[in-house]
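Worksheet for the structure shown next.
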Amino acid sequence: MKTVLLVCSCLALALVMPGAAAARQGDVFEPIPRAECQHLQGLAEKALKTRFSLTPNAPFLYMTGDAENERGEAGRGCILIAKGTGRDFPEGPAALDLKLRQAFQGWTVTDSGFYGNYETSGGRSALTQGDRLLVIEAGWEPTIEAEALAQKKCPQSPIDACVEYFKPAQLLYTVKVHVARRMEAHR
Numbered sequence: 001m002k003t004v005l006l007v008c009s010c011l012a013l014a015l016v017m018p019g020a021a022a023a024r025q026g027d028v029f030e031p032i033p034r035a036e037c038q039h040l041q042g043l044a045e046k047a048l049k050t051r052f053s054l055t056p057n058a059p060f061l062y063m064t065g066d067a068e069n070e071r072g073e074a075g076r077g078c079i080l081i082a083k084g085t086g087r088d089f090p091e092g093p094a095a096l097d098l099k100l101r102q103a104f105q106g107w108t109v110t111d112s113g114f115y116g117n118y119e120t121s122g123g124r125s126a127l128t129q130g131d132r133l134l135v136i137e138a139g140w141e142p143t144i145e146a147e148a149l150a151q152k153k154c155p156q157s158p159i160d161a162c163v164e165y166f167k168p169a170q171l172l173y174t175v176k177v178h179v180a181r182r183m184e185a186h187r
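The sequence shown maps to residues 1 to 187 in the working numbering.
In structure tokens:
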């Protein structure tokens, strides 16, 4: 009896959530076609000379407004992720962002208080193309060893101020490209 109930529960869940691609109430964005995401993946890999993983249907959040009046628009989208160290990405987050923006020809940089600001350890930018929105995030976090070194060398400073003391292998980089399409009802 329990097995039958479990099968029925799974079937009901599958009918309610077909492939997790169904839009949730309040969603503003939906995934772009997988082929488009794969095309962007190829451009990103060529630009940064590294591999990007691809998740075609991931959570997507776009922040709008400013620091005092922020709000988010959510939905689903494609996400590309590359990871490495400062050895893999010696040029730093802002340069990685620039390389990706140049690779994504035909996209226009948006002017928003949440995007386009890069500090030493990272930042993000946003681009649009028609009803598509693309967000680039590039940044690093220090290893545990680098954090300990920062506590000794510059204990009163933010971690960004201590980067001169870190070896490239002590900077753990993550580069993300989020892409989604604004749903018809929200254009």
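Idealized CB from N, CA, C, for every residue including glycine.
> Can you name the residues that DSSP bridges to Lys-83?
Replying inline: Thr-174
> In the structure shown, what three-state DSSP assignment does Arg-76 receive?
Replying inline: strand
>> What residue range does the alpha helix (DSSP H) around Tyr-137 cover?
In response: According to the sequence displayed, residue 137 carries Glu and not Tyr. Not the alpha helix (DSSP H): Glu-137 falls in the beta strand (DSSP E), residues 132-142.
> What is the residue span of the beta strand (DSSP E) that Arg-124 lies within?
Replying inline: 122-129
>> Distance check for Ala-138 and Glu-73, CA to CA, integer angstroms please.
In response: 21 Å
> What's the C-alpha gap between Glu-147 and Lys-153?
Replying inline: 10 Å
> Can the beta-carbon of Trp-107 be found closer than 9 Å to that of Leu-134?
Replying inline: yes
>> Let's see if you can read the secondary structure: which residues bound the alpha helix (DSSP H) around Arg-34?
In response: 34-48
>> For Phe-89 and Leu-43, which I take to be in contact (beta-carbon distance under 8 Å), what is that distance rounded to the nearest angstrom?
In response: Not a contact, Cβ separation roughly 17 Å.
>> Could you compute how far the alpha carbon of Val-109 sits from the alpha carbon of Gly-130?
In response: 12 Å
> Which class does Arg-101 belong to by DSSP, given the choice of helix, strand or coil?
Replying inline: helix
>> Going by DSSP in three states, Val-163 sits in which element: helix, strand or coil?
In response: helix
>> Suppose contacts are defined by Cβ-Cβ distances below 9 Å. Is Gly-77 in contact with Thr-50 by that definition?
In response: no
> So is Gln-41 buried or exposed if we call it buried at 16+ other beta carbons inside 10 Å?
Replying inline: buried
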